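Colleague: As they're listed, the protein sequences go chains S and X.
No gaps in the numbering here: position 29 of the first sequence is 29 in my numbering, and each next residue is one more.
For any residue, its number in my numbering is found by taking its place in the second sequence, counting from 1, and adding 69.
Input: one structure, supplied below.
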Amino acid sequence: MPRFRAVVDRDRCVGVAMCVLAAPGAFAVNDEGQSEFQPGSWDRRDLIEAADSCPSSAITVFADDEKVS
Amino acid sequence: MGQGSADLDNLLSDEAVNRPEAFYARLRAIDPVYWNRRWNGWILTGYDDVAEGFRNHQNLSSDRFAGPFGEDLSAVSSDYQQLFGFLSKFFVWKDQPYHTRVRSLVNKAFTPRSVEVLRPRVRTLVRDLLAPLRAGSEVDFLAGFAFTLPVIVIGDYLGVPQEGRDNLRQWAEDLGSVIFVSGNDEDRMRKGDDAMGQLADFLRPVIRDRRADPRDDLLSGMVRAQDRGDFLSEDELIANTILMVFAGHETTMNLLANGIVAFSRFPEQWAKLRGDRALAATATEEILRYDGPIRAMARWAREPMRIGRHDVAVGDRVLLVQHAANHDPARFTDPDSVDITRWPNRHTTFGQGIHTCLGAPLARLEAQEAFSALAEAFPRFDISEDTLAYVPNIVSRSLRSLHVTFGEQ
């Protein structure tokens with residue numbers, strides 16, 4: 001099983017926090033009001049849902065090192 | 070020149086309405102967190118405070134029907150039940166959880182990825198609307214172009230029937246005068262109430278029709294989500310459709326018009342865009358920053374808090390002045406000039422945090438296509454208003470009139 005992870009582009013994220021709803025636990029909004037990926041074992045579908053829900057297109061999802069969304 | 074404090078308390082003075090960068094710069098110089106006795110609240114004009122204010126939805130409420138704004142309305146809301154019945158369901162004016170429930174329902178339809186499919190359609194529309202501008206005579210840019218483009222785009226996307234669109238501008242105007250203006254005079258409220266009732270009467274059968282016979286549009290999508298159990302009542306659905314129709318064209322219209330004014334002041338930037346239309350994306354961000362369609366958004370404090378060097382009490386009003394934040398020299402180099410290559414450009418025009426403008430990606434797309442096509446078609450243009458006059462209100466930055474003559478040479 002590949003390990004799924006997400007990267008949040010800080011130049012784009014404006015903190016709408018839709019990712020927090022789409023993938024519970026996988027993202028948290030930090031003190032600067034931007035979303036941060038929380039390392040862990042996350043479901044691929046949830047992370048892709050978070051990327052698809054992002055109003056700023058700020059989230060990229062990787063399977064190991066390969067970009068998947 | 071009266072520069073006393075009374076003048077600075079008047080958010081509807083000629084200077085505040087027509088030369089906001091000058092007015093808010095004066096406020097910012099005195100105190101970026103300024104107590105306005107007339108508006109009876111704090112006026113925030115510094116970038117960091119405004120941005121932080123948007124992000125702090127926990128302490129700064131958007132609820133217009135509670136706190137000090139609710140008190141203002143309680144005296145009149147029972148007289149205008151259609152108006153306030155629907156306005157009170159606009160998710161933009163609510164806090165969590167209602168806000169987020171509605172937003173989640175429509176959020177995915179407005180992501181950059183989703184709206185990108187509209188680009189070819191927008192491009193065609195822009196080309197069609199641009200044709201009459203080529204005659205070389207003076208045109209009403211608001212009615213002929215800036216209003217028409219967004220109202221068709223949002224109408225198509227939502228699935229609002231064509232027949233209603235002729236009425237939309239009047240309804241929108243009547244609603245806008247309630248939504249954007251403070252104070253509760255009777256004539257305005259009555260018109261807003263009528264407009265809201267007519268909009269609801271227009272949309273109710275459409276929504277029922279989509280339930281029986283779904284199509285590939287956002288209204289059908291919302292009805293489907295409702296049937297799936299993401300519960301919204303029919304009135305909540307109608308209210309938020311009205312919100313999207315309204316927000317989807319009024320602001321975009323003003324963005325396009327304000328852009329034309331901005332480029333008329335900086336013709337070399339117009340020439341630059343004409344020379345390299347790949348700059349349309351950053352140019353649009355710069356127009357949004359320099360003179361976006363929204364001046365300011367209001368909040369009120371749910372918790373005692375500290376802003377700048379002031380204690381803000383529970384129930385205090387707080388005005389987040391985006392226009393001022395976007396011209397804060399502490400954040401933007403040479404803020405009163407247009408530079409279409411400016412990047413990064415983290416303006417506050419769409420807000421930040423959970424209330425960030427839902428339609429931002431669509432507004433961007435429409436403005437990029439419009440500015441790009443106009444710059445390609447017309448090397449120059451002349452604005453034929455003696456003085457540019459803006460509608461006197463605190464929230465929107467909208468011209469009363471904009472007549473322009475476009476030139477192909």
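Think of the CB as a built atom: it goes at the ideal place given N, C-alpha and C, for glycine as much as any other residue.
Note that the structure is a prediction, hence the values are computed from the model and not measured.
Would you say S57/S reaches chain X, if we count a Cβ-Cβ gap shorter than 8 Å as a contact?
Modeller: Counting from 1 along the first sequence, the entry for residue 57/S is found at position 57. Taking Cβ atoms only, chain X reaches closer than 8 Å to S57/S, which makes this a yes.
Colleague: For R133/X and A144/X, what's the separation of their Cα atoms in angstroms?
Modeller: Here residue 133/X corresponds to residue number 64 of the second sequence, with the count starting at 1. Here residue 144/X corresponds to residue number 75 of the second sequence, with the count starting at 1. Each residue's alpha carbon lies about 14 Å from the other.
Colleague: For V381/X, which beta-bridge partners are listed by DSSP?
Modeller: The sequence position of residue 381/X within the second sequence is 312, counting from 1. Answer by DSSP bridge pairing, in chain order: M374/X.
Colleague: Determine, using beta carbons only, whether G71/X comes closer than 8 Å to chain S.
Modeller: Here the question's residue 71/X lines up with position 2 in the second sequence. Only weak support exists for where G71/X lies, its pLDDT of 44 falling under 50; the value from the coordinates is given anyway. Not closer than 8 Å to any Cβ of chain S, the Cβ of G71/X fails to qualify, so no.
Colleague: Considering only C-alpha positions, which residue in the set Q34/S, L21/S and G33/S is nearest to I48/S?
Modeller: Translated into positions along the first sequence, residue 48/S becomes position 48. Taking only the C-alpha atoms, the option nearest I48/S is L21/S.
Colleague: What do you get for E438/X, buried or exposed, if any count of 16 or more other CB atoms within 10 angstroms of its CB means buried?
Modeller: Stepping through the second sequence from its first residue, residue 438/X is reached at position 369. Classification for E438/X: buried.
Colleague: Quick check: what's the CA-CA separation for Q72/X versus A370/X?
Modeller: Taking the first residue of the second sequence as 1, we reach residue 72/X at position 3. Taking the first residue of the second sequence as 1, we reach residue 370/X at position 301. Model confidence at Q72/X stands at a pLDDT of 48, short of 50, so the residue's coordinates are unreliable; what they give is reported in the following sentence. Computed Cα separation, rounded: 29 Å.
Colleague: Could you name the residues of the stretch 40–54 of chain S whose beta carbon sits closer than 7 Å to any beta carbon of chain X, in the order they occur along the chain?
Modeller: Of all residues in the stretch 40–54 of chain S, D52, S53 and C54 have a Cβ within less than 7 Å of some Cβ in chain X.
Colleague: Say whether chain X places a C-beta atom closer than 8 Å to the C-beta of M1/S.
Modeller: Within the first sequence, the letter at position 1 stands for residue 1/S. M1/S does not count as touching chain X.
Colleague: By DSSP, does L292/X sit in helix, in strand, or in coil?
Modeller: To locate residue 292/X, count along the second sequence from 1; it is residue 223. Inspection of the sequence shows that residue 292/X is occupied by Val rather than by Leu. In this structure, V292/X counts as helix in the three-state DSSP scheme.
Colleague: Rounded to a whole number of angstroms, what is the C-alpha to C-alpha distance between D43/S and D11/S?
Modeller: Translated into positions along the first sequence, residue 43/S becomes position 43. Translated into positions along the first sequence, residue 11/S becomes position 11. Between D43/S and D11/S, the C-alpha separation is close to 25 Å.
Colleague: Determine which residues of the stretch 166–183 of chain X have a Cβ less than 9 Å from any Cβ of chain S, and write them out in chain order.
Modeller: Cβ contacts with chain S come from T169, R172, S173, N176, K177, F179, T180, P181, R182 and S183.
Colleague: Could you tell me the alpha carbon to alpha carbon distance between M70/X and E84/X, rounded to whole angstroms?
Modeller: Taking the second sequence and counting its residues from 1, the one referred to as residue 70/X is at position 1. Taking the second sequence and counting its residues from 1, the one referred to as residue 84/X is at position 15. The predicted model places M70/X with a pLDDT of 43, which falls under 50 and marks its position as unreliable, so this point remains unresolved.
Colleague: 8 Å is my cut-off, CB to CB: does A98/X come that close to chain S?
Modeller: On the second sequence, position 29 is the one that residue 98/X refers to. Chain S contact via Cβ: absent.
Colleague: Does the beta carbon of R124/X sit closer than 8 Å to a beta carbon anywhere in chain S?
Modeller: For this step, residue 124/X is matched to residue 55 along the second sequence. Output row for R124/X: interface = yes.
Colleague: Counting only Cβ pairs nearer than 7 Å, list the residues of chain X close to L11/S.
Modeller: As a first step, residue 11/S is located in the first sequence; it is residue number 11 there, counting from the start. Note that residue 11/S is Asp in the sequence shown here, rather than Leu. Here the neighbours are P413.
Colleague: Once DSSP output is grouped into helix, strand and coil, what is the label at H416/X?
Modeller: Position 347 of the second sequence, counting from 1, holds the residue named residue 416/X. Coil.
Colleague: Going by the beta-carbon positions, is the gap between L244/X and T310/X smaller than 8 Å?
Modeller: Along the second sequence, read from residue 1 onward, the residue named residue 244/X stands at position 175. Along the second sequence, read from residue 1 onward, the residue named residue 310/X stands at position 241. No, the pair does not count as a contact, with Cβ atoms beyond the cut-off.
Colleague: Which runs of the alpha helix (DSSP H) at least 4 residues long sit entirely within the stretch 125–169 of chain X? Give them in chain order.
Modeller: If we require 4 residues or more, the alpha helix (DSSP H) runs fully inside the stretch 125–169 of chain X come out as 136–143 and 150–156.
Colleague: So which residues on chain S does T425/X lean against when the C-beta distance must stay under 9 Å?
Modeller: Residue 425/X sits at position 356 when you count from the first residue of the second sequence. Per Cβ cutoff of 9 Å: V14, G15, V16, P55 and S56.
Colleague: Hey, does G25/S have any beta-carbon neighbour from chain X nearer than 8 Å?
Modeller: Taking the first residue of the first sequence as position 1, residue 25/S is located at position 25. No, because no Cβ of chain X sits closer than 8 Å to the Cβ of G25/S.
Colleague: Taking contact to mean 3 or more Cβ pairs, one atom from each stretch, closer than 8 Å, check whether the stretch 443–459 of chain X and the stretch 318–336 of chain X are in contact.
Modeller: Touching, yes, given that three or more Cβ pairs across the two stretches are closer than 8 Å.
Colleague: One question on the structure: do T418/X and L357/X come within less than 8 Å of each other, judged by their Cβ atoms?
Modeller: If you number the second sequence from 1, residue 418/X lands on position 349. If you number the second sequence from 1, residue 357/X lands on position 288. Contact flag set, yes.
Colleague: Judging by CA-CA distance, which residue of D278/X, R284/X, G317/X and E319/X is the nearest neighbour of E303/X?
Modeller: For the purposes of this step, residue 303/X is identified with residue 234 of the second sequence, where counting begins at 1. Nearest C-alpha to E303/X: D278/X.
Colleague: Does the distance from the CB of I223/X to the CB of M291/X come in under 8 Å?
Modeller: Taking the second sequence and counting its residues from 1, the one referred to as residue 223/X is at position 154. Taking the second sequence and counting its residues from 1, the one referred to as residue 291/X is at position 222. In this structure, M291/X does not lie closer than 8 Å to I223/X by Cβ.
Colleague: Which same chain residues end up closer than 7 Å to R130/X when comparing Cβ atoms and leaving out the 5 residues on each side of it in sequence?
Modeller: Here residue 130/X corresponds to residue number 61 of the second sequence, with the count starting at 1. It should be pointed out that residue 130/X corresponds to Ser in this sequence rather than to Arg. Excluding positions up to five away in sequence, the list reads G136, D164, R368, W369 and R371.
Colleague: I need the boundaries of the beta strand (DSSP E) containing W104/X, first residue and last residue.
Modeller: In the second sequence, counting from the first residue as 1, residue 104/X sits at position 35. Note, W104/X: beta strand (DSSP E), V102 to N105.
Colleague: Since I112/X is in the alpha helix (DSSP H), which residue starts that stretch and which ends it?
Modeller: In the second sequence, residue 112/X corresponds to position 43, counting from 1. Counting along the chain, I112/X falls outside any alpha helix (DSSP H), though it belongs to the beta strand (DSSP E) covering G110 to L113.
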